[in-house]
Amino acid sequence: MTTIVRFAAVAALAQPLLFATPTPALAQRPSAPGAREGSATIAGDGGDPALVTPANAARLKPGKWTYVTRLMGSGPPTRLGFRTLELREDSYDGAPAWRLVDSRQLATVTLADTLFLSRSDLTPLHHVMHAPGSDVTTEFGADSIRATFTGQQGEAREAIAAEPRVLASLYLLEALVGVSPLDSSWRGGARLAAIGRDGAGIVPVVLRTTGEERVLIPDGPADCWVLSLDVGKGGQRLWVRKSDGVVVKERIPVVGMADTELELLLAEHGVGK
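Under the numbering used here, the first residue of the sequence shown is numbered 1311, with each subsequent residue one higher.
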C-alpha cells in the first residue's frame, strides 16, 4: 500500500469517528455552564418519528457484526482492513447499560469508539473515541454534555446544554434500523450531539428509504432496503437486509477526495451473537 493510499485509507476510516461540526452560520445557542461561548445548534428534525426511544431500547438485542472495508474510487477497489461493531449488555455506574463498541483495523492502525447508554431508554452516559494522535472523552450529565480532547493538538474542552433523546454516535443508528418497521416509505429522525474542538451543537439526522436492491455479499445475495442517512451537510447510504434488519453494506463519501467512498461490506459469517 503506497503512502498516499495509506494516508487516504486512515482518513477514510477515521472520518466516521468524527462528529459533524456545526458551521458558524448556524444560529447560536447558550453554552453549558463553564463552556466556551459560541456553540451552535441546528433546530428541528423535520418531525420524523424518533429513533432514540425507550420502545426501541427494549427491542435491541446483543450482537456482533464484522465488515470488510474498502476504498472505492475511479480505479480498482483498495482493501483497507476490517471493522467490527458489537452491542453488549453491561452496566455503567452501577446501572444497567448497553455497551456499543466500534473498532477499525488497518495494518498497524487501530481506531476505536466505545459508548455506554442507559438500557431502558438509550440515554447516552459515557463515550470514548480513539484515533491516531487523538482521544475524545465525553460525559453526559443531567444539564450538560462535556467533551475533553487530548492528543497531538494539546488538550481542549467543549460543552453544550443537555437535551433529551440525543444521539451520541451515528453507529447506534445501525442497531436501531434493525428494530425499525422498514418499508418503502419509512422515515426516522434523531438529534446528534456534535462536539468538536472548534464548535459544538445539535445536528438533525434523517434516515429514509430510497429504494430496494439485491446485494451480493460473501454469504450470498441479500434482498435489502436502501436507506439514505443525512446529517448536517453530509450523508451516506445503508443497505439493510429485509430478512433480519442487518446492515450488510454502507457507502460513505470521503471528504476531500472527489468520487471516492468508503465501503463497508458484511464479511463471510459476519453476524455473531
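Note that CB positions come from ideal geometry on N, CA and C, so glycine has one too.
For V1550 and L1492, believed in contact at Cβ under 8 Å, the rounded distance: Residue 1492 sits at position 182 when you count from the first residue of the sequence shown. Residue 1550 sits at position 240 when you count from the first residue of the sequence shown. Approximately 6 Å separates the beta-carbon atoms of L1492 and V1550; this is inside 8 Å, confirming the contact.
Classify R1380: buried if its beta carbon has 16 or more other beta carbons within 10 angstroms, exposed otherwise. Here residue 1380 refers to the residue found at position 70 when the sequence shown is read from its first residue. Looking at its Cβ environment, which holds 16 or more other Cβ atoms inside 10 Å, R1380 is buried.
Can S1454 and A1471 be called in contact, C-beta distance under 8 Å? Taking the first residue of the sequence shown as position 1, residue 1454 is located at position 144. Taking the first residue of the sequence shown as position 1, residue 1471 is located at position 161. Going by beta carbons, S1454 and A1471 fall inside the 8 Å limit.
What are the boundary residues of the alpha helix (DSSP H) that includes A1417? If you number the sequence shown from 1, residue 1417 lands on position 107. Taken as a continuous stretch (DSSP letters only), A1417 belongs to no alpha helix (DSSP H), as it is neither H nor E.
S1430 to E1484, Cα distance in whole Å? Looking up residue 1430 in the sequence shown gives position 120. Looking up residue 1484 in the sequence shown gives position 174. As the crow flies, the alpha-carbon of S1430 is around 18 Å from that of E1484.
With a Cβ-Cβ cutoff of 8 Å, do G1613 and D1358 count as a contact? Outside the modelled stretch of the chain, which goes from 1311 to 1583, sits residue 1613, for which no answer is possible.
Pull up the DSSP beta-bridge partners for M1439, would you. The count along the sequence shown starts at 1 and reaches residue 1439 at position 129. Answer is D1423 and V1446, bridged to M1439.
So, helix, strand or coil for E1468, using DSSP? Here residue 1468 corresponds to residue number 158 of the sequence shown, with the count starting at 1. Three-state result, E1468: strand.
Going by beta-carbon coordinates alone, are L1425 and H1440 separated by less than 8 Å? Residue numbering aside, residue 1425 sits at position 115 when the sequence shown is read from its first letter. Residue numbering aside, residue 1440 sits at position 130 when the sequence shown is read from its first letter. Cβ atoms of L1425 and H1440: not closer than 8 Å.
Residues in its own chain within less than 6 Å of T1460 by CB, not counting five upstream and five downstream? If you number the sequence shown from 1, residue 1460 lands on position 150. Excluding positions up to five away in sequence, the list reads D1445.
Expressed to the nearest angstrom, what Euclidean distance is found between the alpha-carbon atoms of P1442 and S1413? Here residue 1442 refers to the residue found at position 132 of the sequence shown. Here residue 1413 refers to the residue found at position 103 of the sequence shown. Going by C-alpha positions, P1442 is about 13 Å away from S1413.
Which residue marks the beginning of the beta strand (DSSP E) containing E1399, and which one marks its end? As a working note, residue 1399 is residue 89 in the sequence shown. Its beta strand (DSSP E) spans residues T1388 to Y1402.
Going by the CB atoms, is the gap between D1540 and V1516 shorter than 8 Å? Here residue 1516 refers to the residue found at position 206 when the sequence shown is read from its first residue. Here residue 1540 refers to the residue found at position 230 when the sequence shown is read from its first residue. Contact check for V1516 against D1540 passes: the beta carbons are separated by less than 8 Å.
Under 8 Å: do the region 1390 to 1398 and the region 1519 to 1534 share three or more Cβ pairs, one atom per stretch? They do not touch, by the three-pair rule.
Going by DSSP in three states, A1337 sits in which element: helix, strand or coil? Within the sequence shown, numbered from 1, the residue matching residue 1337 stands at position 27. Because A1337 carries a pLDDT of 29, less than 50, the predicted location of this residue cannot be relied on, and the following value inherits that uncertainty. Correct three-state label for A1337: coil.
Separation of T1570 from T1433, as counted between CA atoms: Taking the sequence shown and counting its residues from 1, one reaches residue 1433 at position 123. Taking the sequence shown and counting its residues from 1, one reaches residue 1570 at position 260. Straight through space, the alpha carbons of T1570 and T1433 are spaced by roughly 34 Å.
Enumerate in chain order the residues of its own chain whose CB-to-CB distance from W1496 is below 6 Å, with the five nearest sequence positions on each side excluded. The residue given as residue 1496 occupies position 186 in the sequence shown. Around W1496: T1519.
According to DSSP, simplified to helix, strand and coil, what is A1485? By one-based count along the sequence shown, residue 1485 stands at place 175. Correct three-state label for A1485: helix.
Using a threshold of 8 Å, state whether the C-beta atoms of Q1546 and E1560 are closer than that. As a position in the sequence shown, residue 1546 is number 236, starting the count at 1. As a position in the sequence shown, residue 1560 is number 250, starting the count at 1. By the CB criterion at 8 Å, Q1546 and E1560 fall inside the cutoff.
In chain order, each alpha helix (DSSP H) run of at least 4 residues that lies wholly inside the region 1470 to 1548: Whole alpha helix (DSSP H) segments, 4+ residues: 1482 to 1487.
8 Å is my cut-off, CB to CB: does Y1402 come that close to chain D? Reference to chain D is not applicable here, since this structure consists of a single protein chain.
Using the DSSP secondary-structure output, state which residues sit across from L1576 in a beta bridge. To locate residue 1576, count along the sequence shown from 1; it is residue 266. DSSP, once it has assigned bridges, lists Y1377 as partnering L1576.
Measuring straight from C-alpha to C-alpha, what distance separates G1580 and Y1402? The residue given as residue 1580 occupies position 270 in the sequence shown. The residue given as residue 1402 occupies position 92 in the sequence shown. Straight through space, the alpha carbons of Y1402 and G1580 are spaced by roughly 28 Å.
Beta-carbon within less than 8 Å of A1577's beta-carbon, same chain only, minus the 5 sequence neighbours each way: which residues are those? For this step, residue 1577 is matched to residue 267 along the sequence shown. Counting only Cβ-Cβ distances below 8 Å, and skipping sequence neighbours, we find T1376, Y1377, V1378, F1392 and P1528.
Exposed or buried, what is E1465 when buried is set at 16 or more other beta-carbons lying within 10 Å of its beta-carbon? In the sequence shown, the residue the question calls residue 1465 occupies position 155. Classification for E1465: exposed.
Among W1408, H1437 and Q1415, which has the Cα closest to the Cα of S1428? Counting from 1 along the sequence shown, the entry for residue 1428 is found at position 118. Out of W1408, H1437 and Q1415, W1408 has the C-alpha closest to the C-alpha of S1428.
Report the residue from V1489, L1502 and A1405 whose alpha carbon sits nearest the alpha carbon of R1299. Since the displayed the chain opens at 1311 and closes at 1583, residue 1299 lies outside it and no answer follows.
Among L1480, P1563, V1411 and E1468, which has the Cα closest to the Cα of P1372? The residue you call residue 1372 lines up with position 62 of the sequence shown. The shortest Cα separation from P1372 among L1480, P1563, V1411 and E1468 belongs to V1411.
Cα-Cα separation, G1542 to R1501: The sequence position of residue 1542 within the sequence shown is 232, counting from 1. The sequence position of residue 1501 within the sequence shown is 191, counting from 1. Spanning the two alpha carbons is a distance of roughly 10 Å.
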